[in-house]
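Just so it is clear: in the sequence shown, position 204 is 204 by UniProt numbering, and no numbers are missing.
To start, the structure itself, in structure tokens.
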Amino acid sequence: MTVQIRLSDIDHARREDRGDGAWSIAPDLGYLRFAIVNVVLFGAPGSGDRKWVLIDTGLPTSRSSILAVAEKRFGTDARPAAIILTHGHFDHVGTVLDLANTWDVPVFAHPLERPYLDGTTSYPPPDPWVGGGLMALLSPLFPRGPIDLGNRLEPLPSDGSIPGMPGWQWLHTPGHAPGHISLWREEDRSLIVGDAFITTGQESVYEVAAQELEMHGPPRYFTPDWDAAERSVKRLAALKPQMIISGHGAAAAGVGMRQALDSLADRFTEFAVPPKMKFVREPATVPNS
């Protein structure tokens, strides 16, 4: 099992079940939990067609659940204004093309993720020797892409704005993937972090099943650039968020969450970086952003 920073029950973000299948953690923010991954829904319940946004799309089996929740939450035939991808790993894009075609909607991602989303390039192979359990050992069996979104794929605006999400900005947080992004709203200090860091372990079957609230670095077996990952966590911790939702694990909030995030940033090597790795990879070269 990986080293973790434990959180307590009081560190869970305040959440409300409105009967639509998602956990509501703010008036216009909710998330849907699948077996190993979350998708995030932005927009006021009942807002209607093109008045909401989907962040990440889960696994290939997630389509029917996402469609059902979206209909209950936003209204019959209510399509999103956009789909935003934090990155292109299989558990975040599993049903993206199907949903994009169903809804006739653009998909936005960082330009550095484009090769993994336009059919050009597969992600590098995962490292099964990072330790932590069976999920890590099985990681070479996980899909690496690429997928091809064709003309659905568009780059995120260079000014940091997010289509369909006024008041939010995207932040380049590489390490787990070259074009990984996080989403930040200054007004209420809400942070959607994708896999820049996560709030439950992903390396063992027990951790994935138990979903205990803990502060972890990004999933170890699919993180090729640990120096960039550390810089990203430090950047996010410096924002002093009030509430966070990651790609894996429950949403967390408050003082205890911030203390745990600060500990992760300050002692990143101890808590996040694998003690041994079979494969040595060159860090990705990315521009400042």
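Cβ coordinates follow ideal geometry from the N, Cα and C atoms, glycine included.
Let me check one thing: in DSSP terms, what residues is residue 148 bridge-paired to? Stepping through the sequence shown from its first residue, residue 148 is reached at position 148. According to DSSP, residue 148 bridges with 118.
Span of the beta strand (DSSP E), counted from its first residue to its last, around residue 184: As a first step, residue 184 is located in the sequence shown; it is residue number 184 there, counting from the start. From DSSP, the beta strand (DSSP E) with residue 184 extends over 181–185.
Residue span of the alpha helix (DSSP H) that contains residue 233, given as start and end: On the sequence shown, position 233 is the one that residue 233 refers to. From DSSP, the alpha helix (DSSP H) with residue 233 extends over 226–237.
Buried or exposed: which applies to residue 148, given that a residue is buried once 16 or more other Cβ atoms fall within 10 Å of its Cβ? To locate residue 148, count along the sequence shown from 1; it is residue 148. Exposed.
Distance CB(residue 237)-CB(residue 13) smaller than 7 Å: The residue labelled residue 237 in the question sits at position 237 within the sequence shown. The residue labelled residue 13 in the question sits at position 13 within the sequence shown. Not a contact, by the Cβ cut-off of 7 Å.
Residues of its chain near residue 31, where Cβ-Cβ distance is below 8 Å and the 5 sequence neighbours each way are ignored: Your numbering for residue 31 matches position 31 in the sequence shown. Excluding residues within five positions, the ones whose Cβ falls inside 8 Å are 22, 23, 25, 38, 39, 40, 41, 245, 251.
Any contact between the segment 91–98 and the segment 120–135? By contact I mean 3 or more CB pairs, one from each, below 8 Å. no
Supposed close pair residue 291, residue 177 - CB separation, criterion 8 Å: For residue 291 there is no data in the structure shown, the boundaries of the chain being 1 and 289.
Three-state class that DSSP yields for residue 16 in the structure shown: Taking the sequence shown and counting its residues from 1, one reaches residue 16 at position 16. In the structure shown, residue 16 sits in a strand (DSSP, three-state: E or B).
What is the residue span of the alpha helix (DSSP H) that residue 103 lies within? As a position in the sequence shown, residue 103 is number 103, starting the count at 1. Segment 96–103, the alpha helix (DSSP H) holding residue 103.
Collapsed DSSP secondary structure at residue 177 in the structure displayed: Reading the sequence shown from its first residue, position 177 is the one you call residue 177. Residue 177 falls in the coil class under three-state DSSP.
For residue 243, which residues does DSSP report across the bridge? The residue given as residue 243 occupies position 243 in the sequence shown. Residue 243 is bridged to 190, 253.
Just the Cα atoms here: how many angstroms apart are residue 208 and residue 257? Sequence index remark: in the sequence shown, residue 208 carries index 208 (1-based). Sequence index remark: in the sequence shown, residue 257 carries index 257 (1-based). Each residue's Cα considered, the two are about 20 Å apart.
Assign residue 162 to one of three DSSP states: helix, strand, or coil. The residue you call residue 162 lines up with position 162 of the sequence shown. The answer is coil: DSSP assigns residue 162 none of H, G, I, E or B.
Nearest-angstrom Cα separation, counted from residue 65 out to residue 142: For this step, residue 142 is matched to residue 142 along the sequence shown. For this step, residue 65 is matched to residue 65 along the sequence shown. Cα to Cα, residue 142 sits roughly 22 Å from residue 65.
Burial state of residue 205 (16 or more Cβ within 10 Å): As a working mapping, residue 205 is identified with position 205 in the sequence shown. Under this definition residue 205 is an exposed residue.
Limits of the beta strand (DSSP E) - the one that residue 108 falls within: Along the sequence shown, read from residue 1 onward, the residue named residue 108 stands at position 108. That run of the beta strand (DSSP E) goes 107–109.
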